[in-house]
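Read the structure below first, then the notes.
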Amino acid sequence: MAKEYVYTEFNKISNSKLQEFNIYGIITHVDYRMSYDQRQQVQDEYRLIINDGTGDINVTIYCATDEIPRTCATFKYGKIVRFHRLKRNSLKNNGGFYLCGRIRFPTSFLLFDLPTDGSKFKYNPCFQSSNRYTSSPKDAKLVS
4 MAKEYVYTEF NKISNSKLQE FNIYGIITHV DYRMSYDQRQ QVQDEYRLII NDGTGDINVT
64 IYCATDEIPR TCATFKYGKI VRFHRLKRNS LKNNGGFYLC GRIRFPTSFL LFDLPTDGSK
124 FKYNPCFQSS NRYTSSPKDA KLVS
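At position 57 of the sequence shown (counting the first as 1) the number is 60 in our numbering, and the numbers step up by one without a gap.
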């Protein structure tokens, strides 16, 4: 039986005792840049703002160079995204926080196109970060 994930609403993350977060939301902003990991290897870095209807949250995603194809605008304004296993990082200066993860170790994600006007949402990812993913009727209900 597949593991059933619990998704946290953004307005509940700041007070949560959880170590890892699973979230759904709509991408409202994307910044891309190349950065260096702890071993001084070049990596891709995506800084996203995501909204789940309860608020916005900042998410930073790291991955090996070109692991996520930039040419197809994978992370794009208006797409629905599901992340599993994001960590919360605190900001030292203002007491805020953001979520972050490294793709495949341990973070994974799915992307969905928003349905066009008059059509129903189909739980069929347009991009997935791993070969296999879990889903349940509850997942489809969350994004429809």
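Just so it is clear, CB atoms sit at the ideal spot from N, CA and C, and this is done for glycine as well.
For Gly-104 and Lys-90, believed in contact at Cβ under 8 Å, the rounded distance: Their Cβ separation, rounded to whole angstroms, is 6 Å, which keeps Lys-90 and Gly-104 in contact under 8 Å.
Alpha-carbon spacing of Tyr-27 relative to Ala-143, whole angstroms: When rounded, the distance between both Cα atoms is 11 Å.
Beta-carbon proximity of Arg-88 to Glu-23, cut-off 8 Å: Less than 8 Å divides the Cβ of Arg-88 from the Cβ of Glu-23.
Under the three-state DSSP convention, the category Phe-158 falls into: Only positions 4 to 147 of the chain appear in the structure, and residue 158 is not among them; the question remains open.
Contacting residues, own chain, Cβ-Cβ under 7 Å from Asn-92 (five flanking each side not counted): In chain order, Phe-100, Tyr-101, Cys-103 place their CB closer than 7 Å to the CB of Asn-92, counting only its own chain and leaving out the 5 sequence neighbours on each side.
Whether Gln-46 touches Tyr-35 by CB criterion (8 Å): In this structure, Tyr-35 does not lie closer than 8 Å to Gln-46 by Cβ.
Cβ-based burial, Arg-85 [other Cβ within 10 Å; buried from 16]: Buried, because 16 or more other Cβ atoms sit within 10 Å of the Cβ of Arg-85.
Whole-number beta carbon distance between Glu-7 and Ser-155, since they are thought to touch under 8 Å: The question about residue 155 has no answer, for the chain in this structure spans 4 to 147.
CA nearest to the CA of Pro-109, picked from Lys-82, Leu-94, Ile-64: Of Lys-82, Leu-94, Ile-64, the smallest CA-CA separation from Pro-109 is found for Ile-64.
Exposed unless 16 or more other CB atoms sit within 10 angstroms - verdict on Tyr-49: Flag for Tyr-49 reads buried.
Close beta carbons around Lys-82, own chain, < 8 Å, minus the five adjacent residues each side: Leaving aside the five residues that flank Lys-82 on each side, the residues in its chain whose CB is nearer than 8 Å to its CB run, in chain order, Ile-29, Ile-30, Leu-114, Phe-115, Asp-116, Leu-117, Cys-129.
Classification of Asp-55 by the beta-carbon crowding that lies within 10 angstroms, buried from 16 upward: Around the Cβ of Asp-55, a 10 Å sphere holds 16 or more other Cβ atoms; the residue is buried.
C-alpha distance - Thr-57 paired with Thr-77, whole-angstrom precision: So the alpha carbons of these two residues sit roughly 24 Å apart.
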